[in-house]
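Taking it in order: structure first as structure tokens, then the write-up.
2 protein chains.
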Amino acid sequence: MGEDRTARTAVRTITDLARLAGVSPGTVSRALAGKSLVNTKTREKIEAIAREHGFRPNQMASGLRRQKTGVIGVVIPLGHDTRQQISDTFFMTLLGFLADELTLEGYDLMLRRVVPKDDADWLDRFIGSGMIDGVIVIGQSDQFDRIEDVADGYGPMVVWGNHAEGQRHCVVGTDNRLGGRLAAERLIAAGARRLAFLGDTTAIEFAARFAGAQDVAQRMGLAPIIELPTHLSPERASDEIARHLDAVKGRVDGIFAATDTLAALCLTALRTRGVAVPDDIKLIGFDDLPVACHTVPPLTTVKQDIAAGARGLVDLLLRRLAGEKTESLVLPPQLVVRQTA
Amino acid sequence: MGEDRTARTAVRTITDLARLAGVSPGTVSRALAGKSLVNTKTREKIEAIAREHGFRPNQMASGLRRQKTGVIGVVIPLGHDTRQQISDTFFMTLLGFLADELTLEGYDLMLRRVVPKDDADWLDRFIGSGMIDGVIVIGQSDQFDRIEDVADGYGPMVVWGNHAEGQRHCVVGTDNRLGGRLAAERLIAAGARRLAFLGDTTAIEFAARFAGAQDVAQRMGLAPIIELPTHLSPERASDEIARHLDAVKGRVDGIFAATDTLAALCLTALRTRGVAVPDDIKLIGFDDLPVACHTVPPLTTVKQDIAAGARGLVDLLLRRLAGEKTESLVLPPQLVVRQTA
DNA sequence: AGGAATCTTGCAAACGTTTGCAAATTGCGG
DNA sequence: CCGCAATTTGCAAACGTTTGCAAGATTCCT
Chain A
-3 MGEDRTARTA
7 VRTITDLARL
17 AGVSPGTVSR
27 ALAGKSLVNT
37 KTREKIEAIA
47 REHGFRPNQM
57 ASGLRRQKTG
67 VIGVVIPLGH
77 DTRQQISDTF
87 FMTLLGFLAD
97 ELTLEGYDLM
107 LRRVVPKDDA
117 DWLDRFIGSG
127 MIDGVIVIGQ
137 SDQFDRIEDV
147 ADGYGPMVVW
157 GNHAEGQRHC
167 VVGTDNRLGG
177 RLAAERLIAA
187 GARRLAFLGD
197 TTAIEFAARF
207 AGAQDVAQRM
217 GLAPIIELPT
227 HLSPERASDE
237 IARHLDAVKG
247 RVDGIFAATD
257 TLAALCLTAL
267 RTRGVAVPDD
277 IKLIGFDDLP
287 VACHTVPPLT
297 TVKQDIAAGA
307 RGLVDLLLRR
317 LAGEKTESLV
327 LPPQLVVRQT
337 A
Chain B
-3 MGEDRTARTA
7 VRTITDLARL
17 AGVSPGTVSR
27 ALAGKSLVNT
37 KTREKIEAIA
47 REHGFRPNQM
57 ASGLRRQKTG
67 VIGVVIPLGH
77 DTRQQISDTF
87 FMTLLGFLAD
97 ELTLEGYDLM
107 LRRVVPKDDA
117 DWLDRFIGSG
127 MIDGVIVIGQ
137 SDQFDRIEDV
147 ADGYGPMVVW
157 GNHAEGQRHC
167 VVGTDNRLGG
177 RLAAERLIAA
187 GARRLAFLGD
197 TTAIEFAARF
207 AGAQDVAQRM
217 GLAPIIELPT
227 HLSPERASDE
237 IARHLDAVKG
247 RVDGIFAATD
257 TLAALCLTAL
267 RTRGVAVPDD
277 IKLIGFDDLP
287 VACHTVPPLT
297 TVKQDIAAGA
307 RGLVDLLLRR
317 LAGEKTESLV
327 LPPQLVVRQT
337 A
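Protein chains in written order, with our numbering: chain A, -3 to 337; chain B, -3 to 337.
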């Protein structure tokens, strides 16, 4: 008669397990935690029983007692452009790498998408929840000041975004201004003289990219770069780009798109208008997302090293959790020349 | 003399707050929970103090006591192809929508990426951690059996993936077989006769898509569809696709790619070989990712409604949390004709 | 005014771990 | 066999909430 896995008394708590092993709960706790203070024989017995019953200590209780949760919060503030961004390829890829890095360090990842406009308190609420040991903010959006405020009183926070002189929160990000310069230089080297910037410069990173490009234009004695603001979500951006293109028709021969996604949309819009790229108009993107390889012609762009970014974020956060005061980390962008400029 | 915000006694616990308000902790708890049993005046006073001090109740403690956490686990098992997938566009987009839906329902999202090969216990560990009220598994990968095992003893789990007759776990997913049929029919309608399937059919979803296509080929009296297995990560897939194309040169005039990503890679490979699409070879993808619009020519594909999928996953999970026994949800795919077939 | 019915509140026991402290056990040298 | 140190264990008090129960305060009706 099969003795299956019958009558396996459910063992949910450390106390159940203790009873079975004939020891005290404290000992079980120590044994499972791998502390050295417990006798090897006892430990093995406890581990065996635990394994047999598939027991795992309750993380909530443990977290409560130890005052740490083993969870890192990752929050994506959706600024102006609510709908997009959470499915924004760049952020999502960064998130993927973050998940990898955090897992590697033994942390779990709690993801939160917030709309600051509807919830001014988003950051404090997350931090104050007691659910997370530290927080990574993906993108400053238009919340720079709020983040600065919080940074004063809360250590374990690292932000992906743009670095400004003298800011108080610890940030990891690409040198957007330099990236902007690289982009403009490339456009000019490819023969463009009348430049435009495609993207919403109220986003601080984009503003820096624009500024970098403007630096170069000025230095080279070109006309100021024309700003063509757009939303980020493809649906809205498509129309906006179309309108912009019609508006500046013939007055522009080089476009710096704030994002590969925008660049790709721009490329299709140009094609439908019969504008040859790069012959009539040079085009350059930013990010070096996978899509950059698939467009026709493949996109020249400024690459951000997303994996390095994720590694930096996690590394700095861990150091801060350990009490260290860390500086911001600014990563160098890299020009990737393909065929649009 | 500015009385700033000085001497704001730190109020971290509900007890601190109670002291300040001159009531008992229990009352504070009830007041903040919005229970009706507390006097309006008292409640307002408590809420005022709470607001002033930026107090939020500790979620860990609350979770421990209430035996629920307000967190839903989302786990992505990385099967055969470790590196990819976490940054796989499809999964990431689904994840984005999931985050939206869960937030809307007041749940937090805990993301975990696991490698079942290194950690046979991945699912039980997550569930047993006590950190989550329920779990959404994104992709069955090669873990079908393990998931089935767990489903027997654990209610609040919903899986994104393929539905098989008589399976025991609750799944939400596209009707892959039907999708495969749509794809094959389109290829044939476009004039193709000698078909190939690009993708790894050990992945269960892909196997179903292949089977659907095969159904049609057989019904139409065509030769069996040639299988061209590839990995999913672009780096490895590129080479493999190139090799496949050279191998079947001239023997194939219609390709059904398991994924838009693969289709896009295939398209570039075809271009570099001087093969005209759709004139020489018809090509169709699956998913309808953003990239499908940006390729040249734009990709004909079979669309999965990702937003509806996310909504379904969350809806079913919530119903299961409420104790309901739910059926699986199979979503209809939809043919999107663009220019490659 | 007396008493029942209704609101509000406080008390204290959970929830499942971890950990300082002290007690019990063991080992070892003399 | 004793004393002392080193190992192992158990005890019980946290961690910060929530909530059943009962007591205290109010209201209302007759």
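A virtual CB, placed ideally from N, CA and C, is assigned to each residue, including glycine.
Item: Length of the line joining the Cα atoms of Ile134(B) and Met88(B); Value: 10 Å
Item: Extent of the continuous beta strand (DSSP E) run through Ile134(A); Value: 130 to 134
Item: Pairwise C-alpha distance: Ala288(B) and Arg334(B); Value: 9 Å
Item: Chain B contact for Gln55(A) (CB, 7 Å cutoff); Value: yes
Item: Members of the region 101 to 118 of chain A that neighbour chain B once the beta carbon cut-off is set at 7 Å; Value: Asp104, Leu105, Met106, Leu107, Arg108, Arg109
Item: Sequence-distant residues of the same chain with beta carbon closer than 6 Å to Thr11(B), five excluded per side; Value: Pro21
Item: DSSP-derived helix/strand/coil call for Ala6(A); Value: coil
Item: Residues from the region 29 to 63 of chain B in contact with chain A, defined by Cβ distance under 7 Å; Value: Gly50, Arg52, Asn54, Gln55, Met56, Ala57, Gly59, Leu60
Item: Where the region 285 to 311 of chain B meets chain A: residues whose CB sits under 8 Å from a CB there; Value: Pro286, Val287, Cys289, His290, Thr291, Val292
Item: Inter-stretch contact (C-beta, 8 Å, three-pair minimum) for the region 167 to 183 of chain B and the region 228 to 242 of chain B; Value: no
Item: Best match in Val244(A), Lys245(A), Ala233(A) for proximity to Thr362(A) [C-alpha to C-alpha]; Value: Outside the shown range of chain A, which is -3 to 337, sits residue 362(A), and nothing can be said about it.
Item: Gly319(B) (DSSP reduced to helix, strand or coil); Value: coil
Item: Under 7 Å between C-beta atoms of Ile132(A) and Leu261(A); Value: no
Item: Under 7 Å between C-beta atoms of Leu171(B) and Val332(B); Value: Here residue 171(B) turns out to be Asp, not Leu, going by the sequence shown. No. Outside cutoff.
Item: Three-state secondary structure assigned by DSSP to Leu258(A); Value: helix
Item: Per-residue DSSP class, three states only, for Met106(A); Value: strand
Item: Beta-carbon contacts of Gln139(A) that lie in its chain and below 6 Å, excluding the five residues immediately before and after; Value: Pro73, Pro112
Item: Thr296(A) - DSSP class collapsed to helix/strand/coil; Value: strand
Item: DSSP three-state assignment for Ala219(B), whether helix, strand or coil; Value: coil
Item: Member of Gly217(A), Ile221(A), Arg215(A), Met216(A) whose CA lies at the smallest distance from the CA of Phe206(A); Value: Ile221(A)
Item: Reduced DSSP category for Thr170(A) - H, G, I as helix; E, B as strand; rest coil; Value: strand
Item: Beta-ladder partner(s) of Asp283(B), from DSSP; Value: Lys299(B)
Item: Cross-strand partners of Trp156(B) (DSSP beta bridge); Value: Ile134(B), Val168(B)
Item: Asp276(A) versus Ala188(A), Gln163(A), Ser32(A), residue with shortest Cα-Cα distance; Value: Ala188(A)
Item: Interface flag, Asp256(A) vs chain B, CB-CB below 7 Å; Value: no
Item: Short CB-CB distance (under 7 Å) between Ser125(B) and chain A; Value: yes
Item: Cβ-Cβ separation, Thr296(A) to Thr336(A) (assumed contact under 8 Å), whole Å; Value: 5 Å
Item: Beta bridge counterpart(s) of Pro73(B) as assigned by DSSP; Value: Val110(B)
Item: Distance CB(Ala27(B))-CB(Arg15(B)) smaller than 7 Å; Value: no
Item: Assigned exposure category for Pro274(B) - 16 Cβ within 10 Å defines buried; Value: buried
Item: Buried versus exposed call for Met(-3)(A) [16 or more other C-beta atoms within 10 Å across all chains shown]; Value: Only weak support is given to the placement of Met(-3)(A): the predicted model assigns it a pLDDT of 38, under 50, and the value that follows is read from those uncertain coordinates. Exposed is the call here.
Item: Bridge partner(s) assigned by DSSP for Val332(B); Value: Thr297(B)
Item: Three-state secondary structure assigned by DSSP to Ala116(A); Value: coil
Item: For Leu279(B) and Val285(A), the rounded distance between their alpha carbons; Value: Going by the sequence as given, residue 285(A) is Leu instead of Val. Roughly 23 Å between the two C-alpha positions.
Item: Phe93(A) in three-state terms, based on DSSP; Value: helix
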